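Participant:
Residue numbers (the numbering used here): 167 to 510.
1. Classify residue 273: buried if its beta carbon has 16 or more other beta carbons within 10 angstroms, exposed otherwise.
2. Just the C-alpha distance for residue 362 and residue 352, rounded to the nearest angstrom, thanks.
3. Under 8 Å, with one C-beta from each stretch per pair, do the stretch 483-498 and the stretch 463-471 reach the 3-pair mark?
4. Give the DSSP-derived three-state secondary structure of residue 454 in the structure shown.
5. On the three-state DSSP scale, how would you describe residue 443?
6. Residues in its own chain within less than 7 Å of residue 323 by CB, not counting five upstream and five downstream?
7. Give me the DSSP bridge partner(s) of residue 270.
8. Smallest Cα separation from residue 320: which of 281, 243, 187, 242?
9. Give the secondary structure of residue 208 by DSSP, where H, G and I count as helix, E and B as strand, and everything else as coil.
10. If you compare alpha carbons, which of 270, 337, 285 is closest to residue 195?
11. Do you know how far the Cα of residue 243 is from the Cα of residue 237?
12. Hey, residue 444 and residue 383: beta-carbon distance below 7 Å or not?
13. Are the stretch 414-421 and the stretch 433-452 touching, with three or more C-beta to C-beta distances below 8 Å?
14. Output the boundary residues of the alpha helix (DSSP H) element that contains residue 284.
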């Protein structure tokens with residue numbers, strides 16, 4: 167696909183007045199429409215100087231530690247360009263100033279894509295890093311990413327894919343799960359209970375219509391005391407009940423360690439030790455550690471991951487026609503990293 171190479175190309179861009187969403191399409195990104203305009207100005211100047219096709223080597227690094235994600239999109243942006251690319255594996259932890267990506271080729275082949283490349287890596291790596299923090303807090307317990315509702319739908323699958331790379335056991339967003347070749351994960355929302363008017367009645371139908379292989383996890387905080395509701399459902403579903411989900415709102419104090427301990431104790435006393443306790447709602451790594459110690463078995467995490475700050479990425483040209491270069495304050499020449507692998 168041909169991409170923009172000049173300020174003149176901007177004049178040919180027309181926006182459909184009936185456009186339904188403000189997010190960029192795949193085609194617009196690949197055409198360079200999401201670039202910072204000064205890269206097009208640079209191309210015009212370099213072309214006038216007959217320097218736009220200079221062979222350059224650029225490297226990308228981050229200013230703080232994290233977990234790399236988003237690299238597959240970068241490869242897809244550049245796969246039809248005359249460039250070579252080396253990168254650290256997605257899911258790999260990195261240190262500040264570590265070389266994460268190296269791109270080599272004529273500048274006019276990839277220069278316009280610097281904005282999109284850095285943005286893809288920055289956002290995805292921020293989300294993956296937050297997911298890794300959650301994974302470390304969970305220890306040997308699992309968690310799902312429930313963050314799609316907190317971001318623009320155009321990037322929801324990007325965010326949840328990054329969360330899985332960072333350590334999430336699964337994703338609730340259907341498209342994210344498809345991208346990772348896994349099944350989308352989730353229980354039931356309060357909407358089902360509120361519309362039906364009785365959690366137990368919903369649980370009965372839930373059990374009836376779901377395939378045997380599905381793990382039945384029922385939300386238990388809509389109408390009644392969480393412990394009372396859990397026991398009521400467990401009595402009816404028996405061994406078919408895999409778990410109950412606590413999502414007590416902040417207006418009632420949220421899910422507390424004591425509530426988890428009480429629920430675990432009473433489930434065990436009544437013969438339902440097989441029933442897992444799944445917790446969601448405003449969770450952070452600190453809360454997860456406390457609730458895990460209290461007896462929670464698994465977690466649903468949304469805003470801690472979706473709201474994570476992007477990790478700033480910087481691209482520096484390190485060689486021009488094989489000659490080491492650098493702006494003031496940076497070291498000229500390539501910065502080697504044994505974790506780099508050729509990906510393109």
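By construction, the Cβ of each residue, glycine as well, lies at the ideal position given by its N, Cα and C atoms.
Bear in mind the structure is a predicted one, so any value in this text is a computation, not a measurement.
Facilitator: Reading it off the structure:
1. buried
2. 19 Å
3. no
4. Residue 454: helix per DSSP, three-state reduction.
5. strand
6. 339, 341, 342, 345
7. 223, 250
8. 187
9. helix
10. Answer by Cα proximity: 285.
11. Residue 237 and residue 243: Cα-Cα distance of roughly 10 Å.
12. yes
13. Judged by Cβ distances under 8 Å, the stretch 414-421 makes contact with the stretch 433-452, as three or more pairs qualify.
14. 280-304
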